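Just below is one structure, and these are the notes that go with it.
There are 2 protein chains.
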Amino acid sequence: MRVDIHTHIVPERWEDWASRYGGGRWPRLVHHDACRATIMTGDQFFRDITDQSWDPRRRLEDMDRLGIDRQALSPPPVMFCYWAEPRAGQAWARMQNEHIASVVARDAARFAGMATVPLQHTGLAIEELRHARETLGLRAVEIGTSPGGRELDDPALFPFFEACRDLDVAVFVHPATPLVGQDRMAKYYFPLIVGNPLETALAISKLILGAVLERLPELRVCFAHGGGAFPFTLGRLNHGWSVRPEAQAAIAKEPREYARLLYFDSLTHGARNLRFLVDEFGAGRVMMGSDYPFDMGSPDPVASIGEAGFDPATRTAIEGEAAARFLGAGAC
Amino acid sequence: MRVDIHTHIVPERWEDWASRYGGGRWPRLVHHDACRATIMTGDQFFRDITDQSWDPRRRLEDMDRLGIDRQALSPPPVMFCYWAEPRAGQAWARMQNEHIASVVARDAARFAGMATVPLQHTGLAIEELRHARETLGLRAVEIGTSPGGRELDDPALFPFFEACRDLDVAVFVHPATPLVGQDRMAKYYFPLIVGNPLETALAISKLILGAVLERLPELRVCFAHGGGAFPFTLGRLNHGWSVRPEAQAAIAKEPREYARLLYFDSLTHGARNLRFLVDEFGAGRVMMGSDYPFDMGSPDPVASIGEAGFDPATRTAIEGEAAARFLGAGAC
């Protein structure tokens, strides 16, 4: 059973959020023909996409071609809209969650769904999480690395993480703007290429030093892109904790102990990185992820894992067993 | 021949720069007794240090104990003072360069020196570089990751890199404030623990995409702390270049080709990281470095390298051969 934990989906169309709720930054889809469209944020070009982003039949063709049994579906981060007025943001999340749940309902053997929630308001986010879990049946939620400008160690977010634990919802964390250092990344497509892995490293470091995992060790949290830069910065984080009282005051055990409670996707862009990830965290913590259907992803995640030369048990774990555990019993 | 490429030194005392040049942020040393002092920046506490930071005899004792034949001496980054008025900054650099050269002159078998230069003004920096090389005999220069607020791909810095190439001076790049994302790192000692490796990854990425190494492939550049997060983010940088015209427009070959022209110190805080570094860049590009005498360093860099389980040839390369090549013929 091969599961791709990191894929993005949008509805084929949605109503004009700007005219209903005001605000010029709502994403909208401008279709060019049956297969191609552009995501705009207000009047700004954001990204060209194909029908792979909205048509489950196109996805199934690709999955069959690539030997993927199941995709976990989540919104692309531009669709988080944590900047929005909270009630509008909740309605926006609901629209996406209902769409994702409907795709899953039509083919639950091939798709699992992740919700999005309005984390600009913890109370509404928890409300939406409960709806997504209990009414729509979604067993995971995707969130940004600093949702609504709040860091993952912000006490205001903690009740949300508690709710995820209580509702048995897995958390998939994806880097999203504003990215760390984005003001220094105007050129070379650096926000996505360099900003994403640095942002992810900072977010994981904050989650750990914020004692979120110390307090909620049962919480299942996965970070996209193989944890970005984090796997390689963990050594320094660990050393810093061992010599610095400011860090020791925050958590009782060394950061590595908490890091090993996390999950990561396999999208590391290299066999050497992937082996490092598995070496450090164990195959049970690494899940196949492709970033389908975008160009910063892996065009063939099974082959990418194959290149690392793992033994069959390790490969099986990464290709699907870890995801089954992450998504929860019965989800796969 | 074992060389520690990454150690920091300050003079035991220096004149009051603030009263001579104005400005409240000049570092000053407040001695508490013969062995202990505090670095203040103006009236702000910066760091407590011991006489290891200023007394070559103490250093030699430690070197003998740890089996280190030679230390490369460089200022701690707080001493860069790129914020200063350029002429005052040049005098400040000159004071340090003369001090470092004097320590090297007294025991050239055990010490090599790195200059600092006022990179807030490229012309004065080149003037000081020439003086340090031709008059003081220093064969390396230490610089910050975004000196004077300029990124390493800033065209204004390029003549400085050209001068380093022309004068055959090796460049040691150390992360320094402002660090990427520092505004998000108020707690847990994160600027040094997390900020440094992220800043270094951004700086290397900019050096490469800024085509500095494409234009100056002979330039010898080393990044501290094993390149920070960079070794693990190179895969994504490479993939980004392969799919994105904005990145391909900047450099002709994939980023990895230029990355392999770089040197890195061995201060990775872990055998797994160090093996990754050597695997990716080759033993000839990795040099023993400890960050002596600070607590974010390795207390025993020879042992740290030993833990990685390398074959004898690889170990010899990391312990000294790579540094001999980096520092230039005759330097070791």
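Chains as they are written, first to last, in our numbering: chain A, 1 to 332; chain P, 1001 to 1332.
For glycine and all other residues, C-beta sits at the position ideal for the given N, C-alpha and C.
Only a predicted model underlies this, so the values are computations on that prediction, with no experimental measurement involved.
Buried or exposed by the 16-neighbour rule on C-beta atoms within 10 Å, applied to P/D1265: buried
Contact with chain P by A/G328, beta-carbon distance below 9 angstroms: no
Cα-Cα separation between A/A84 and A/P76, rounded to whole angstroms: 16 angstroms
Nearest candidate by alpha-carbon position, reference A/G210, set A/L192, A/H121, A/L136 and A/Q248: A/Q248
A/D48 versus A/P11: straight-line alpha-carbon distance, rounded: 15 angstroms
Integer Cβ distance of P/M1114 from P/D1069, believed to fall under 8 angstroms: 17 angstroms between Cβ atoms; not a contact.
Contact under 9 angstroms by Cβ, P/T1116 with P/M1063: no
Spatial neighbours of A/G240 in its chain, beta-carbon cut-off 6 angstroms, leaving aside the 5 residues before and after: A247
P/C1332, buried or exposed, once every other Cβ within 10 Å from all chains shown has been counted against 16: Confidence at P/C1332 is low in this model, with a pLDDT of 40, below 50, so its placement is unreliable and the value that follows should be read with caution. Buried: at least 16 other Cβ atoms inside 10 Å.
Cβ-based neighbour list, P/H1121, same chain, cut-off 6 angstroms, excluding 5 preceding and 5 following: P1086
Under 9 angstroms by beta carbon: chain A residues contacting P/R1244: Y188, Y189, L192, I193, D295 and M296
Contact with chain A by P/G1228, beta-carbon distance below 9 angstroms: yes
Residue environment, P/P1245, which counts as buried when at least 16 other CB atoms sit within 10 Å: exposed
Span separating the alpha-carbon of A/Y189 from that of A/S304: 23 angstroms
Minimum C-alpha distance to P/F1161 - residue among P/V1278, P/L1219, P/T1316 and P/P1293: P/L1219
Cβ separation of A/A203 and A/T145, assumed to be a contact under 8 angstroms, to the nearest whole Å: 4 angstroms
Other residues of its chain near P/D1043: CB distance less than 8 angstroms, five sequence neighbours each side excluded: G1024
Per-residue burial, A/R106 [other beta carbons within 10 Å of its own, 16 or more giving buried]: exposed
Short CB-CB distance (under 9 angstroms) between P/V1078 and chain A: no
Residue from A/G137, A/A322, A/T38 and A/L179 whose Cα sits closest to the Cα of A/D168: A/G137
Interface partners of P/G1270 on chain A, CB under 7 angstroms: G235
Validate contact between the segment 1151-1159 of chain P and the segment 301-317 of chain A using beta carbons, cut 8 angstroms, 3 pairs: no
A/L237 versus P/L1237, P/V1243, P/G1228 and P/L1234, residue with shortest Cα-Cα distance: P/G1228
C-alpha gap between P/I1005 and P/A1323, whole angstroms: 7 angstroms
Within chain P, the residues that A/E151 reaches when beta carbons sit closer than 7 angstroms: R1184
Pair within 9 angstroms by beta-carbon distance, P/V1173 and P/V1104: no
Uninterrupted beta strand (DSSP E) stretches inside the segment 1007-1056 of chain P (no shorter than 3 residues): 1027-1031, 1036-1041 and 1044-1050
Under the three-state DSSP convention, the category A/M1 falls into: coil
Cβ-Cβ separation, A/L66 to A/D300 (assumed contact under 8 angstroms), whole Å: 6 angstroms
P/S1019 burial status per 10 Å Cβ neighbour count (16 or more: buried): exposed
Where the beta strand (DSSP E) containing P/Q1071 begins and where it ends: R1070 to S1074
Assigned exposure category for A/A125 - 16 Cβ within 10 Å defines buried: buried
For A/G195 and A/F223, the rounded distance between their alpha carbons: 15 angstroms
Chain P contact residues for A/D337, given Cβ-Cβ distances below 7 angstroms: No answer is possible for residue 337 of chain A: it lies beyond the span of chain A, which begins at 1 and ends at 332.
A/A201 at chain P interface by Cβ criterion, 9 angstroms: yes
Cβ pair A/A250, P/L1198 closer than 9 angstroms: no
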